[in-house]
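Taken in order, these protein sequences are the chains called A and B.
Taking this note's numbering, the leading residue of the first sequence gets 1, the next gets one more, and so forth.
Taking this note's numbering, the leading residue of the second sequence gets 293, the next gets one more, and so forth.
Ideal Cβ placement from N, Cα and C applies to all residues, glycine included.
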Amino acid sequence: MNYTYFPGCSLESTAYDYDTSARAVMTALGHKLDELPDWNCCGATGADVVSHLLSIALPARNMAKAQQMGDQIVTTCSSCYLNLFRVNSQLAADPELQHELDIVLGEVGLAYAGGVRVRHLLELLVTDIGISAIAQRVQRRLEGIRVAPYYGCLVVRPYAEFDGPDLPMSMDRLLTALGARVVPYVMKTRCCGGVLMTTQKNVALKLVGDILEPIRDVDCVVTVCPLCQLNLEAYQREVGGQLGTRVNIPILYFTQLMGLALGLPEAKLKLNASLAGTQKLMARLERPAVYA
Amino acid sequence: MPEKAFDLTREMLDHSFAETVAPDREKLLTCIQCGTCTASCPTAYAMDYTPRQLWRLVQVGLRDDALHSRTFWLCTNCYSCTIRCPRGIALTETMAALKRLAIAEGVKGKEKEDVSSFYRAFMETVRRHGRNHEPEFLLRYFFLTNPLGLLGQARLGFDMWRKGKIGLYPHSIKAKDEVEAIFRKSLALDRDKEAHA
Numbered sequence: 001m002n003y004t005y006f007p008g009c010s011l012e013s014t015a016y017d018y019d020t021s022a023r024a025v026m027t028a029l030g031h032k033l034d035e036l037p038d039w040n041c042c043g044a045t046g047a048d049v050v051s052h053l054l055s056i057a058l059p060a061r062n063m064a065k066a067q068q069m070g071d072q073i074v075t076t077c078s079s080c081y082l083n084l085f086r087v088n089s090q091l092a093a094d095p096e097l098q099h100e101l102d103i104v105l106g107e108v109g110l111a112y113a114g115g116v117r118v119r120h121l122l123e124l125l126v127t128d129i130g131i132s133a134i135a136q137r138v139q140r141r142l143e144g145i146r147v148a149p150y151y152g153c154l155v156v157r158p159y160a161e162f163d164g165p166d167l168p169m170s171m172d173r174l175l176t177a178l179g180a181r182v183v184p185y186v187m188k189t190r191c192c193g194g195v196l197m198t199t200q201k202n203v204a205l206k207l208v209g210d211i212l213e214p215i216r217d218v219d220c221v222v223t224v225c226p227l228c229q230l231n232l233e234a235y236q237r238e239v240g241g242q243l244g245t246r247v248n249i250p251i252l253y254f255t256q257l258m259g260l261a262l263g264l265p266e267a268k269l270k271l272n273a274s275l276a277g278t279q280k281l282m283a284r285l286e287r288p289a290v291y292a
Numbered sequence: 293m294p295e296k297a298f299d300l301t302r303e304m305l306d307h308s309f310a311e312t313v314a315p316d317r318e319k320l321l322t323c324i325q326c327g328t329c330t331a332s333c334p335t336a337y338a339m340d341y342t343p344r345q346l347w348r349l350v351q352v353g354l355r356d357d358a359l360h361s362r363t364f365w366l367c368t369n370c371y372s373c374t375i376r377c378p379r380g381i382a383l384t385e386t387m388a389a390l391k392r393l394a395i396a397e398g399v400k401g402k403e404k405e406d407v408s409s410f411y412r413a414f415m416e417t418v419r420r421h422g423r424n425h426e427p428e429f430l431l432r433y434f435f436l437t438n439p440l441g442l443l444g445q446a447r448l449g450f451d452m453w454r455k456g457k458i459g460l461y462p463h464s465i466k467a468k469d470e471v472e473a474i475f476r477k478s479l480a481l482d483r484d485k486e487a488h489a
């Protein structure tokens with residue numbers, strides 16, 4: 001099936017490895033992500049600080065354009081997911097906001113009044129395509145790989161559309177079906193600090209330290225969000241300094257690990273984009289560790 | 293942190309404050325001060341008022357104390373408080389409303405300058421290209437706040453560039469005029485509403 005795809009800004013820069021691997025995985029599963037033409041930034045966490053109306057109108061332009069292509073929109077970024085989802089949720093509850101949006105979008109000849117279903121790729125994979133169907137396509141089981149699934153915030157909060165807001169399990173089940181050894185992980189939805197990593201670095205470094213400390217011995221962490229990935233991977237030197245130990249854990253996108261299990265070559269999954277390096281992980285895949 | 297004692301006088305209270313700030317004032321007034329928000333907040337440890345204390349300031353109308361707090365600038369939008377609040381109050385949205393109000397009123401303070409400049413730099417970049425462009429956005433931000441801070445980003449910036457994760461050129465959209473019109477009209481409607489308030 002073809003799905004209207006909203007990549008979001010990070011997916012064409014800091015998270016191009018997420019974009020490439022997401023498309024490759026969907027193709028391998030017999031589906032296709034059709035990029036929404038000429039999409040704009042969803043506003044991230046910035047628009048709402050400038051103007052509440054703008055924080056609805058920016059993503060609503062994308063929703064209006066998606067409606068011309070079908071009745072759903074798929075995204076891979078958790079922040080985009082929240083902002084698109086929030087349009088539907090707030091318009092349904094606030095007629096005055098709908099009226100204001102009509103005026104703003106009217107300026108560019110568009111209209112949106114709800115009706116486009118917002119999907120995160122993780123949700124689409126586990127609900128529509130299904131874990132058992134994916135498991136049947138596995139070419140290379142991820143035996144012996146110890147992985148911590150990190151969900152972060154916005155894919156499960158505040159809307160909790162498909163999984164629990166505190167201890168979600170959908171990605172755990174998906175990775176287990178791929179053969180990976182998923183570690184129990186209580187910090188899986190604790191916030192990575194988001195933009196505070198740039199504005200209030202010391203506050204955010206502590207959060208990342210708290211998240212990585214209990215899982216320092218895993219082979220990799222997988223995430224569903226570009227900003228989580230960046231915060232957890234790019235500052236490991238400083239985090240290690242705070243924890244008084246060396247921290248070097250590859251933080252991959254869940255689509256990259258899925259792609260390996262589906263037998264896709266490393267180049268198609270852009271594993272070489274990892275700042276922490278994936279050599280050890282790949283060696284482990286070749287020669288699985290034996291756990292008691 | 294010991295709780296600050298307020299010697300309350302009538303002049304200190306702004307009874308319409310909760311209405312100005314909260315997207316759902318009626319609900320915010322039902323806050324029972326249980327502290328679930330504070331216990332759930334990943335950055336409460338760095339705040340001056342905990343989230344629970346901040347809601348109390350808003351409830352009773354201690355406007356200046358609330359608006360000069362660091363608390364909402366340290367909110368990461370993680371929605372942990374919102375999802376757990378037993379009263380179902382839209383707490384994360386209220387944090388955003390406090391940011392907007394503090395910016396509108398020109399409140400000073402380091403966190404405020406850092407965080408609001410960050411968002412301003414981000415939104416200016418988006419307004420120009422229709423999408424974010426990391427290098428331009430970060431240059432704008434550090435230029436506004438701490439130009440020397442760019443040096444601290446240099447190593448990571450180089451690593452990211454080497455890995456193909458940041459490019460020198462923006463991915464501008466074609467319909468930049470549409471994005472500009474959406475910005476212009478949204479901000480104009482906001483101003484109209486403020487003028488009639």
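query: Cross-chain neighbours of residue 129 of chain A in chain B, by beta carbon under 7 Å; result: Here the premise fails: no neighbours, minimum Cβ distance about 27 Å.
query: Where residue 100 of chain A falls, given that 16 or more other Cβ within 10 Å makes a residue buried; result: buried
query: Neighbouring residues, chain A, relative to residue 478 of chain B (Cβ below 7 Å); result: 51, 53, 54, 57 and 104
query: Boundaries (first-last residue) of the alpha helix (DSSP H) holding residue 270 of chain B; result: The displayed coordinates of chain B run from 293 to 489. Any statement about residue 270 of chain B would go beyond what the structure contains.
query: Endpoints, the alpha helix (DSSP H) within which residue 136 of chain A is located; result: 131-136
query: Proximal residues to residue 123 of chain A (C-beta, below 7 Å), its chain only, five neighbours per side dropped; result: 161 and 162
query: Local conformation of residue 188 of chain A per DSSP, three classes; result: coil
query: Residue closest to residue 181 of chain A, alpha-carbon to alpha-carbon, out of A:141, A:265, A:154 and A:202; result: A:141
query: CA-to-CA distance, residue 47 of chain A to residue 274 of chain B, given in whole angstroms; result: The structure shown does not extend to residue 274 of chain B, since chain B is modelled only from 293 to 489, so the question has no answer here.
query: Residue 439 of chain B in three-state terms, based on DSSP; result: coil
query: Secondary structure of residue 32 of chain A, DSSP reduced to three states; result: strand
query: Cutoff 8 Å: residue 360 of chain B Cβ touching any chain A Cβ; result: no
query: The beta strand (DSSP E) enclosing residue 251 of chain A, as first and last residue numbers; result: 251-253
query: Close-in-space but distant-in-sequence residues of the same chain around residue 257 of chain A (CB under 6 Å, 5 per side omitted); result: 222
query: Where residue 139 of chain A sits in the DSSP three-state scheme; result: coil
query: Exposure label - residue 357 of chain B; buried when at least 16 CB within 10 Å; result: buried
query: Closest residue to residue 466 of chain B among B:419, B:446 and B:438 (Cα-Cα distance); result: B:419
query: Cross-chain neighbours of residue 13 of chain A in chain B, by beta carbon under 7 Å; result: 426, 457, 458 and 459
query: Cβ contact (3+ pairs, closer than 8 Å) linking the stretch 4-21 of chain A and the stretch 61-77 of chain A; result: yes
query: Contacting residues, own chain, Cβ-Cβ under 7 Å from residue 58 of chain A (five flanking each side not counted); result: 40, 41, 42, 43 and 47
query: Buried/exposed call for residue 421 of chain B, threshold 16 Cβ in 10 Å; result: buried
query: CB of residue 104 of chain A within 8 Å of CB of residue 474 of chain B, strictly; result: yes
query: Anticipated Cβ contact below 8 Å, residue 189 of chain A with residue 153 of chain A, distance rounded; result: 7 Å
query: Candidates A:214, A:197 and A:205: closest to residue 183 of chain A by CA position; result: A:214
query: Near-chain A residues of the stretch 327-359 of chain B - C-beta to any C-beta below 8 Å; result: 334, 335, 337 and 338
query: Other residues of its chain near residue 349 of chain B: CB distance less than 6 Å, five sequence neighbours each side excluded; result: 357 and 358
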